[in-house]
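*Asks:*
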Amino acid sequence: MKTKTIIFSALAVLIAAPALAQSGQHCAPRDMVVDRLAKKYGETRQSMGLGANNAVVEVFASDKSGSWTITVTSANGVTCLVASGQAFEELAEVLPADGNDA
């Protein structure tokens, strides 16, 4: 998995999820959200992981436009937009050797 993407996703969820849950905005059934991201922005899923309370955190992005979106889907199937932006870039970084913090 792409470490930076997952770390970025986790941080975004920690910051934004409580606000989204309270406001109820920018949320819809997952299939509707995924369809809109694909049709309107050309974004496809690039990575995913499990967050708190078994929420699924996903990163969607377009390799053509560079747009990206982070979503969180709760166990009840409701997906909320957490963050979005431009200039998405896929990275394949190698972890440092054991005992080497650099």
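All residue numbers for the sequence shown refer to the working numbering, where the first residue is 406 and numbers rise by one. We treat Cβ as the ideally placed atom computed from N, Cα and C, and that holds for glycine.
Which residues does DSSP list as the beta-bridge partners of Leu455?
*Replies:* On the sequence shown, residue 455 is found 50 positions in, with the first residue counted as 1. Looking at the DSSP assignment, Leu455 forms a beta bridge with Val461.
*Asks:* Would you mind giving the Cβ-Cβ distance between Thr474 and Arg435, rounded to the nearest angstrom? I have them listed as a contact below 8 Å.
*Replies:* Mapped onto the sequence shown, residue 474 falls at position 69. Mapped onto the sequence shown, residue 435 falls at position 30. Not a contact, Cβ separation roughly 13 Å.
*Asks:* Where Ser472 and Asn458 are concerned, what is the direct C-alpha to C-alpha distance, given to the nearest angstrom?
*Replies:* Within the sequence shown, residue 472 is the residue found at index 67, counting from 1. Within the sequence shown, residue 458 is the residue found at index 53, counting from 1. Straight-line Cα distance between these residues: approximately 28 Å.
*Asks:* Which same chain residues, not among the five before or five after Leu442, have their C-beta less than 7 Å away from its C-beta?
*Replies:* By 1-based counting over the sequence shown, the position of residue 442 is 37. These residues qualify, in order along the chain: Glu448, Phe465, Thr474.
*Asks:* So, are the CB atoms of Val377 and Met453 less than 8 Å apart?
*Replies:* Here the chain has residues from 406 to 507 only, and residue 377 is not among them.
*Asks:* Just the C-alpha distance for Lys469 and Ala492, rounded to the nearest angstrom, thanks.
*Replies:* Along the sequence shown, one-based indexing puts residue 469 at 64. Along the sequence shown, one-based indexing puts residue 492 at 87. Spanning the two alpha carbons is a distance of roughly 10 Å.
*Asks:* Taking only three categories from DSSP, how would you classify Val439?
*Replies:* Numbered from its first residue, the sequence shown carries residue 439 at position 34. Three-state result, Val439: helix.
*Asks:* Buried or exposed: where does Leu496 fall if 16 or more other Cβ atoms within 10 Å of its Cβ makes it buried?
*Replies:* Counting from one through the sequence shown, the residue named residue 496 turns up at place 91. Classification for Leu496: exposed.
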